[in-house]
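Each residue of the sequence shown is one higher than the last, beginning at 1 in our numbering.
Ideal placement from N, C-alpha and C gives every residue a C-beta, glycine not left out.
The next block holds one structure in the form of structure tokens; read it before the comments.
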Amino acid sequence: MHKIGLLVSVAALLLPACGKSSDPAPAPSGAAVPAAASAAAHAPTASAAAAPAETSAYSIVLEAPGEIMITAMKGGAFLAVSSLYLPLGEGPLVQDPAFMKGLKKGEPSFGLDGAEWPKSAWILAVDEEGKGKLYKWFDSLGGRWEPQPILREGEIVQSQNVIGENVVAAIQMPSNDIRMALLGGKGGVLPAPAAAKKAAPAGEGAEEAPSDTPPENDKSCKVKMSPDGPYLLAGTPTGEAFAAGYECQDGGGKGAPMVERWEAKKVRGTVEPLPAPATGSLALIGVVAVSATDAWVYGNTDGTSYLAHWDGKAWALEKAPSGKKINHLTTIEGGALLGSFEDGLYTKKSGGAWEAVALPKKPEGFEPETAYARTATDVWVAGKAGGKRYLLRSAKVDKPVVMPSEKEVQATLTSNFRYAATPLCAKPYAHLFSIGPSATPIPKEFPAIKKSFEGKKFDGAKLVVEDDGRSLFVGAKAANIEQAEAIVKAFAEANPKTTPRVFCHEPQVKKDVDWP
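Shown next, in the form of structure tokens:
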């Protein structure tokens, strides 16, 4: 999970679409993920790359000039691309502006994170005063985002995850401490981080001398695991919890890598050191909890991957299927693992050996960075190759969508307070011209409309007067992107001094307008 904090670099948040895809391709009998190749040459000791296969169940869904990231949570996942966000679901990806309901347009946003959809999905925005502002998604309100004041000044959400029936966040406090907060669920007992041991006062019976340091400036460790991150939290369906990080240091910096485990419905856990890597220092990336006796901590050291496994009794190093770095590790239904490594995608059934997943030959040199397994046969993989980013899916895709640049998306939002449309926009809108402020009387006739569209036919399109709360506009709700573009083109040709645009937008309709 990404950190969510009060002081962040900001980026505008939109919701785009992606390429059409048919139903997910079925997996071969017994396969954990689509087209999982036999791993005789990719045993746990192997370091060879997963070679692209002649045939693969995966297709390119989209390509983009910038980073593509998948944020997976229980019950759903979201894609971040070109400063745009969209849900990953059962069907093809669709851009729907209704997903943005409740967010203040033009308010810079940092990103989306969550533990369980739709119970605990969050967006961080920054208000006019530069202060952090957290929005939470509420299905109970008809599907909308609402601001929620859960963070105190200077706090950062290090991670959040589902633990049993609860959604729990690990929140870093400015006093070198960390607290667990309930974000959703039934409540009850929450795990508490182990407290740091304080040195005993000098001399028998001596009392601890009072500190001259104000409490708000006390940076000594309050907990054993450093709150400064990464503080990586994971939970099981039965309520066990795991956290991975580094030993807290009073003077700052990172101590030795460590892990804390909590039994179900227990406040206090057990702190243990992680197995030392063979060489180099360990850079932790994540923790995955399958069950009380099956958990994984992963990261990288000296250019190679690091895997540590908990079997219910002890932590032990596990050999990875690749000698390259690991980017991401996630689970598939049934307890299997799906690993994104620099040289390919690998899967591992519970108790079985690693297998290389067959990926398409193109894009050549594709490096998986994140993955999301919605089911065992419906898998999304984001990665990079040749200076571009790509999204793959285990389904047949007719034609991938090329996403706009981040600069283009930002410019559209800044100048128009509306969302840029992609080819799969569910609600394309042809924005034609302005009438004036919201209080302006609506004219009975629109000569520009008659001049532009007389004799032309746009089946299914609806001309409307929109009131966005500040101004009135005339536009057309189109049946598809192609029709919206044709309406804009016809209007621009008849009114060359205007600048009509196509947006992905659901207008607040004040009045319907008849076609000429």
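| Item | Value |
| --- | --- |
| Per DSSP, what kind of secondary structure is A276 in: helix, strand or coil? | coil |
| Helix, strand or coil for D177, going by three-state DSSP, please let me know. | strand |
| Under 8 Å Cβ to Cβ from E272, same chain only, skipping five residues before and after it: list those, please. | M258, V259, E260, R261, W315 |
| Just reading off the beta strand (DSSP E) that K510 is part of, what are its end residues? | 509-513 |
| Whole angstroms are fine: how far does the CA of P193 sit from the CA of K386? | Checking the sequence, you will find Gly at residue 386 rather than Lys. Rounded to the nearest angstrom, the two C-alpha atoms are 43 Å apart. |
| Roughly how many angstroms separate the alpha carbons of T412 and L141, rounded to a whole number? | 28 Å |
| State the Cα-Cα distance for the pair W122 and A169, rounded to the nearest angstrom. | 11 Å |
| Of all the options A57, E67, S56, which has the alpha carbon lying nearest to the alpha carbon of K384? | E67 |
| If you drop the 5 nearest sequence neighbours on each side, which residues of the same chain put their C-beta closer than 6 Å to that of G73? | It is worth fixing the name first, because residue 73 is Met in this sequence and not Gly. Answer for M73: G114, A115, E116, W117, listed in chain order. |
| Can you have a look at E445 and say buried or exposed, based on whether 16 or more other CB atoms are within 10 angstroms of its CB? | exposed |
| Out of S175, K266, V167, state which residue places its alpha-carbon closest to the alpha-carbon of G184. | V167 |
| Within 10 Å of its beta-carbon, does K497 have 16 or more other beta-carbons around it, so buried, or fewer, so exposed? | exposed |
| Helix, strand or coil for K456? Go by DSSP, reduced to three states. | coil |
| Return the bridge partner residues of N327 from the DSSP annotation. | For N327, which the question treats as bridged, DSSP gives no partner whatsoever. |
| Just the C-alpha distance for K3 and E333, rounded to the nearest angstrom, thanks. | Confidence at K3 is low in this model, with a pLDDT of 48, below 50, so the placement of that residue is unreliable and no value is reported for it. |
| Residues in the same chain with beta-carbon distance under 6 Å from K324, minus the five sequence neighbours each way, listed in chain order, please. | F341, E342, D343 |
| Around the C-beta of E128, are 16 or more other C-beta atoms found within 10 angstroms, so that it is buried, or is it exposed? | exposed |
| Note down the Cα distance separating V397 from D378, rounded to an integer number of angstroms. | 13 Å |
| Pop quiz: E240 and A292 are said to be a contact at Cβ under 8 Å. What is the actual Cβ separation, rounded to whole angstroms? | 5 Å |
| Which residues in the same chain as V287 place their Cβ atom closer than 6 Å to its Cβ, once the five residues preceding and following it in sequence are excluded? | L232, A234, F242, A244, V297 |
| Quick check on DSSP: helix, strand or coil for S322? | coil |
| Report the three-state DSSP secondary structure of L141 (helix, strand or coil). | helix |
| Spatial neighbours of T499 within its chain, please: C-beta separation below 7 Å, excluding the five flanking residues on both sides. | none |
| I'd like to know whether the C-beta atoms of V267 and L338 end up nearer to each other than 9 Å. | no |
| Going by DSSP, what residues sit across from Q95 in a beta bridge? | C425 |
| What is the C-beta distance between A264 and T304, in whole angstroms, given that I count them as a contact (C-beta under 8 Å)? | Not quite, the Cβ-Cβ distance comes to about 34 Å (not below 8 Å), so this is no contact. |
| Would you kindly report the start and end of the unbroken beta strand (DSSP E) that includes T440? | That residue, T440, is in no beta strand (DSSP E); it is neither H nor E in DSSP. |
| Determine which residues share a DSSP beta bridge with M403 and list them. | Paired residue(s): none; M403 is not in a bridge. |
| Does the distance from the CB of L79 to the CB of M69 come in under 9 Å? | yes |
| Since I481 sits in a beta bridge, which residues does DSSP pair it with? | Its beta-bridge partners do not exist; DSSP assigns none. |
| Roughly how many angstroms lie between the CA atoms of A376 and A439, to the nearest whole one? | 55 Å |
| For I449, does the three-state DSSP call read helix, strand or coil? | helix |
| Could you tell me whether the Cβ atoms of Y58 and A358 are closer together than 9 Å? | yes |
| Going by beta carbon distance, what residues of the same chain come within less than 6 Å of F433, once the five residues before and after it are set aside? | V474, T498 |
| Would you tell me roughly how many angstroms separate the C-alpha atoms of W354 and E318, rounded to the nearest one? | 11 Å |
| Kindly list the residues whose CB is nearer than 8 Å to the CB of V454, restricted to its own chain and excluding five residues on each side of it in sequence; keep chain order. | The sequence as given places Glu at residue 454; Val does not occur at that position. Contacts found: P516. |
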